[in-house]
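Colleague:
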Amino acid sequence: MSKKMPLGFLEAGKNATICKVLGGNGLRTKLGEMGFALGTSIQTVRNDGTGPVVISVMDSRVALGRGMAQKILVQEM
C-alpha cells in the first residue's frame, strides 16, 4: 500500500486517489466543485516542477497552482 503524498509530488502519467484536502472550508468547497472529492481517481497530465500541475479528473483537465496542489493528499494507485 502506497503512503499519502501531496499531489504536487505525483509524477506525470501516474494515477492516484484523493485521500484528504488540507485547508479551510473555502478551499475544500472550491476543489470539490472542480471534482476533487475524497476517493476520486485522478491522473497527473503535467507536473514538471515549475508552473501549474495539470490533472485529469472526471473527464476534465484542471490546472492547479503548486500551492493548491500541495494541499491535496493523494495515494498512488
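In this text, residue positions in the sequence shown follow this note's numbering: the first is 5, and each later residue adds one.
Glycine residues also receive a C-beta, built at the ideal position from the N, C-alpha and C atoms.
#1: Put LYS18 into one of helix, strand or coil per three-state DSSP.
#2: Of the residues GLY27, MET9, LEU26, which one's Cα is nearest the Cα of ASN19?
#3: Would DSSP call THR48 helix, strand or coil?
#4: Give the straight-line distance between the Cα atoms of THR44 and ARG32, rounded to the nearest whole angstrom.
#5: ALA73 by DSSP, collapsed to three states: which one?
#6: Please state whether DSSP places LYS24 in a helix, a strand or coil.
Modeller: Looking at the coordinates:
#1: Here residue 18 refers to the residue found at position 14 when the sequence shown is read from its first residue. It is coil, neither helix nor strand.
#2: Position 15 of the sequence shown, counting from 1, holds the residue named residue 19. Closest by alpha carbon: MET9.
#3: Translated into the one-based positions of the sequence shown, residue 48 becomes position 44. Reduced to three states, the DSSP call for THR48 is strand.
#4: On the sequence shown, residue 44 is found 40 positions in, with the first residue counted as 1. On the sequence shown, residue 32 is found 28 positions in, with the first residue counted as 1. When rounded, the separation of the alpha-carbon atoms in THR44 and ARG32 is 14 Å.
#5: Here residue 73 refers to the residue found at position 69 of the sequence shown. ALA73 falls in the helix class under three-state DSSP.
#6: Counting from 1 along the sequence shown, the entry for residue 24 is found at position 20. In the structure shown, LYS24 sits in a strand (DSSP, three-state: E or B).
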